[in-house]
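The block underneath contains the structure these notes are about, expressed in structure tokens.
2 protein chains.
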Amino acid sequence: MSIPREERGPTIIDVANLAQVSVSTVSRVVRKHADVKDATRARVQAAIDSLGYQPSPIARALVAGRSRLLALLVSDIANPFYPQLARSVEQEAKRGDYTVVICNTDDRAGETRRYLERLLLQGLDGVIHASVSSDEAVVHELLPDRRRVVFTNRPPTDPQASYVVSDNGGGAEELTRYLLSIGHRRIGFIGGPNFATNAVARVDGFRRVMAEAGEPEPLVAEGDFSAEHGGKAALVWSDSPHPPTALIAVNDSVALGALEALIDRGLDVPGDVALAGFDGVQLAASPLVNLTTVDQHIDRMGRRAVRILLRQLGRQARPPAAEVLPTQLLVRGSTDPTLRPPLQGLVRRRDAVPSHGGQQGRGERAT
Amino acid sequence: MSIPREERGPTIIDVANLAQVSVSTVSRVVRKHADVKDATRARVQAAIDSLGYQPSPIARALVAGRSRLLALLVSDIANPFYPQLARSVEQEAKRGDYTVVICNTDDRAGETRRYLERLLLQGLDGVIHASVSSDEAVVHELLPDRRRVVFTNRPPTDPQASYVVSDNGGGAEELTRYLLSIGHRRIGFIGGPNFATNAVARVDGFRRVMAEAGEPEPLVAEGDFSAEHGGKAALVWSDSPHPPTALIAVNDSVALGALEALIDRGLDVPGDVALAGFDGVQLAASPLVNLTTVDQHIDRMGRRAVRILLRQLGRQARPPAAEVLPTQLLVRGSTDPTLRPPLQGLVRRRDAVPSHGGQQGRGERAT
DNA sequence: GTGAAAGCGCTAACAG
DNA sequence: CTGTTAGCGCTTTCAC
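Residue numbers (the working numbering), protein chains in the order written: chain A, 1 to 367; chain B, 1 to 367.
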């Protein structure tokens, strides 16, 4: 099971022998620590170069209990928000010479625990927590040192925990005001699960503005962040006797689900019902979708989170960081009829009748 | 920098002391190795339980040179194909008690090298190679032991390397035959980069069938797997004097780009031009897209790849595995007018004129 | 400035 | 069956 000596590459001892110094001197040179005479340093460096020596992170981790490994906890890698976040986290981590492990929690605290226990034993240094599950207690239990975790995407409960999140409430407020300003009164909000504080903040923003506008009991549906649920909720409302004229989805993924369902039903967006999302994923900008949304500046959030984490991983004690990034409303065709609506332009000269039912699945045929 | 003793949790020595045995006995119990008297085993187990002892993977890795870490090399996490693959790889790895690190290579051999060097030092056990870059040499250089790598998504060049890929050529053939069967003669293929052997296999399948059908010089464009390029290629052809009546994109992501561009241009899919992709990502099934595609059974491919890798990581020598999984043609509205076309049903009662130009960007307004 | 020596927590011979 | 003894490759006192 163990790897033969030759395959392991040169060790610090090899370098020491070649350079005619002790291992501690080599170690000093490698870590650019303490004082080493220039001549010695040069000799050691030459030996390092000629051997192509690279220190073993495992041995280092064993001694230090650290590994230059970060974990990124996400709810669902299939939601395009998370890959986008992952990219930016990874890039920033790379700059600090850290490696990122992406952990898909499916919003289950058990998964969070499984990953963290495993990676901690592996020497995990820190965590970017971007999933929304009710696992904050687990995280604090496993990483009692608050400096080793940065929450993002959703604000944590613990006041000692660092975080960088978007202004979810403010973004939702701006979006809601915009919808009111273009004449909508009856607006439905397809929300997320109650344990997701970012989702709650968005609903709250919506509720505040609606209350101000004299609609104290606006339509709100709880949800689970799934596109499927988004579709169902949209249809339930549009089938109701007095359907809303506009829908806000708690995120773009849910909005996509709603859009698909509405179109499937033969409804016109935004003609029959306006639709908006939250996040600003790239797909929302596609002409196929053209979704009005609240842009979270995902990349920036990821980079900030990593920078904060790496700073906190340093020696000096630091107060917990708490950053709220501004959002930006992006108005597109799914709410504004003067802009291109989702998919418009397509069916122009089609006259074939859509084949509802009869076909297998949703109009698909396997061969 | 190093973690104080108390924070590190109980060690094997603590257990040995408590159970009044030697560390080797504890080690044996932990690894369920060799023979230990039942009474002793019970005593040791009791000590382990009461202390909540867990062996340190770092120390194990240091001794064994192994870490129960796998790397998954992907081209671009933003292409939905890869998150889907990542999920299945991760799930299967979890069952074998391995952790997966997702590495985004952007199809640059330099990135592959960077990740592998780092992770190998970390004790990386094996690699699932799903990116398509021309980095095979790098992989073999860094992991000369062929058993530690399984290629997927694209077949490797080295005959000793294991792989599990889809029948890319066969899938493309079936798709092409289908398009011919519904009356298309002039078909364009929006390909990938030449270094991507899976892309090449798909073009080749297309070429074979076209040649059989008496079209020895079919339209083929090289590409880079980007949606942007897919859009450009589609437009160049549709602007040509004698445009193709059908387009095949090398993957669904590129097809999406083409679809967006075509719709943007006001063309009808499939009326003006039929469009098909390859991969079978979930988004292709969305009613917004309804893309005919060749399903690769992504989940199955990921699971197989992991299973093969874990088997090879075992003791016994094994011949390299070579699996070619069948694909499945999924006919949807983007090629078959009797099925629901992409986005149909939407614009039914719209009469507003699409706002080409004049608006900022692609019909978007930031506030 | 530099070296010697003691571990980090575990596994793997080799003895008994 | 069980214990003893070396390390794995590095960092870190503590001397010189």
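Even glycine gets a Cβ: it sits at the ideal position worked out from N, Cα and C.
- Item | Cβ-based neighbour list, TYR82/A, same chain, cut-off 6 Å, excluding 5 preceding and 5 following | Closer than 6 Å at the Cβ level, and outside the excluded window around TYR82/A, lie VAL74.
- Task: Report the neighbours of ALA93/B on chain A: residues whose CB is nearer than 8 Å to its CB, in chain order.
- Result: Within chain A, no residue comes near ALA93/B; the closest Cβ sits about 11 Å away, beyond 8 Å.
- Message: What does the alpha-carbon distance come out to for the pair GLY379/B and THR338/B?
- Response: Residue coverage of chain B in this structure runs from 1 to 367, which leaves residue 379/B outside it and unanswerable.
- Residues of the stretch 272–290 of chain B whose Cβ lies closer than 9 Å to any Cβ of chain A, in chain order: When C-beta distances to chain A are compared with 9 Å, the residues of the stretch 272–290 of chain B below that value are ASP272, GLN282, LEU283, ALA285, SER286, PRO287, LEU288, VAL289, ASN290, in chain order.
- Message: Quick check on the DSSP output: the beta strand (DSSP E) that includes HIS129/A runs from which residue to which?
- Response: HIS129/A: member of the beta strand (DSSP E) spanning 126–129, first to last residue.
- If you measure from the beta carbon of ASP264/B to each beta carbon in chain A, is any gap under 7 Å? Cβ-Cβ to chain A under 7 Å: yes for ASP264/B.
- 6 Å Cβ shell around ILE187/A - same chain, five flanking residues per side excluded: LEU179, PRO244, ALA246, listed in sequence order.
- Message: Rounding to the nearest angstrom, what Cα-Cα distance links LEU72/A and VAL149/A in this structure?
- Response: Each residue's alpha carbon lies about 10 Å from the other.
- Task: Consult DSSP for VAL36/A and reduce its assignment to one of helix, strand or coil.
- Result: Of the three classes helix, strand and coil, the one that applies to VAL36/A here is coil, per DSSP.
- Where do the N-terminal and C-terminal ends of the alpha helix (DSSP H) with GLN328/A fall, by residue? In the DSSP assignment, GLN328/A falls outside any alpha helix (DSSP H) and lies within the beta strand (DSSP E) extending over 328–331.
- Query: Which runs of the alpha helix (DSSP H), 4 residues or longer, sit entirely within the stretch 113–185 of chain B?
  - Reply: Segments of the alpha helix (DSSP H) lying fully in the stretch 113–185 of chain B: 136–142, 168–181.
- Three-way DSSP call (helix, strand, coil) for GLU217/A in this model: Collapsing the DSSP output to three states places GLU217/A in coil.
- Task: Please classify GLY314/A: is it buried, with 16 or more other beta-carbons within 10 angstroms of its beta-carbon, or exposed?
- Result: Exposed: under 16 other Cβ atoms inside 10 Å.
- Message: Using CA atoms only, rank isn't needed, just tell me which of LEU142/A, GLY96/A, SER131/A is closest to ARG113/A.
- Response: Considering only alpha carbons, the answer is LEU142/A.
- GLY230/A: first and last residue of the uninterrupted alpha helix (DSSP H) it sits in: From DSSP, the alpha helix (DSSP H) with GLY230/A extends over 227–239.
- Within 7 Å (strictly less), CB to CB, does ALA16/A reach chain B? At a cut-off of 7 Å between C-beta atoms, ALA16/A does not count as an interface residue with respect to chain B.
- Among LYS32/A, ASP106/A, LEU283/A, which one has its Cα closest to the Cα of THR293/A? Among LYS32/A, ASP106/A, LEU283/A, the Cα nearest to that of THR293/A is on LEU283/A.
- Start and end of the beta strand (DSSP E) containing PHE189/A? Note, PHE189/A: beta strand (DSSP E), 187–190.
- Query: Any residues in the stretch 41–52 of chain A with a beta carbon nearer than 9 Å to a beta carbon of chain B? Which ones, in chain order?
  - Reply: Cβ contacts with chain B: none found.
- Item | Reduced DSSP category for THR197/A - H, G, I as helix; E, B as strand; rest coil | In the structure shown, THR197/A adopts helical secondary structure according to DSSP, grouped into three states.
- Would a check of beta-carbon distances place PRO10/B closer than 7 Å to chain A? PRO10/B does not count as touching chain A.
- Going along chain A in order, which residues have a C-beta closer than 7 Å to the C-beta of GLY123/B? Result: ILE58.
- Task: Establish whether the CB of ALA258/B and some CB of chain A are separated by less than 7 Å.
- Result: Using a CB distance cut-off of 7 Å, ALA258/B does not count as an interface residue toward chain A.
- Item | Within-7 Å CB hit, LEU62/A to chain B | So, interface residue.
- Item | Candidates GLY223/A, LEU121/A, ARG332/A, of which the one nearest ALA61/A by Cα | Closest in alpha carbon position to ALA61/A, among GLY223/A, LEU121/A, ARG332/A, is LEU121/A.
- Query: Do you know how far the Cα of SER88/B is from the Cα of ARG300/B?
  - Reply: Between the C-alpha atoms of ARG300/B and SER88/B there is a straight-line separation of about 8 Å.
- Message: Taking 7 Å as the threshold (beta carbon to beta carbon), is THR99/B in contact with chain A?
- Response: It does: the Cβ of THR99/B has a partner Cβ on chain A nearer than 7 Å.
- Would you kindly check if the distance between the Cβ of ALA221/B and the Cβ of ALA213/B is under 7 Å? Against a cut-off of 7 Å, the Cβ pair of ALA221/B and ALA213/B comes out as no contact.
- Message: Please confirm whether LEU346/B has its beta-carbon closer than 7 Å to some beta-carbon of chain A.
- Response: In this prediction, LEU346/B scores a pLDDT of 36, lower than 50, which makes its location untrustworthy; the coordinate-derived value is nonetheless stated afterwards. Output row for LEU346/B: interface = yes.
- Message: Check whether chain A comes within 7 Å of ALA246/B, counting only Cβ atoms and requiring the distance to be less than that.
- Response: Not a single CB atom of chain A sits nearer than 7 Å to the CB of ALA246/B.
- Message: For chain B, check one thing: does any of its Cβ atoms lie closer than 7 Å to the Cβ of ARG300/A?
- Response: It does not; no Cβ of chain B falls within 7 Å.
- Give a yes or no on whether the minimum CB-CB distance between ALA78/A and chain B is below 7 Å. Closer than 7 Å: yes.
- Decide if the stretch 56–70 of chain B is in contact with the stretch 95–106 of chain B; the criterion is three or more beta carbon pairs, one per stretch, under 8 Å apart. Cβ pair count under 8 Å is three or more, so yes.
- Quick one: grab the DSSP three-state call for GLY345/B. Model confidence at GLY345/B stands at a pLDDT of 35, short of 50, so the residue's coordinates are unreliable; what they give is reported in the following sentence. Looking at GLY345/B - three-state DSSP - the assignment turns out to be coil, as it is neither helix nor strand.
- So LEU262/A is in the alpha helix (DSSP H); what residue range does that whole segment cover? For LEU262/A, the enclosing alpha helix (DSSP H) begins and ends at 252–264.
- Relative to the alpha-carbon of SER134/A, which residue among LYS94/A, VAL269/A, ASN194/A, TYR163/A has its alpha-carbon at the smallest distance? Measuring from the Cα of SER134/A, the nearest candidate turns out to be ASN194/A.
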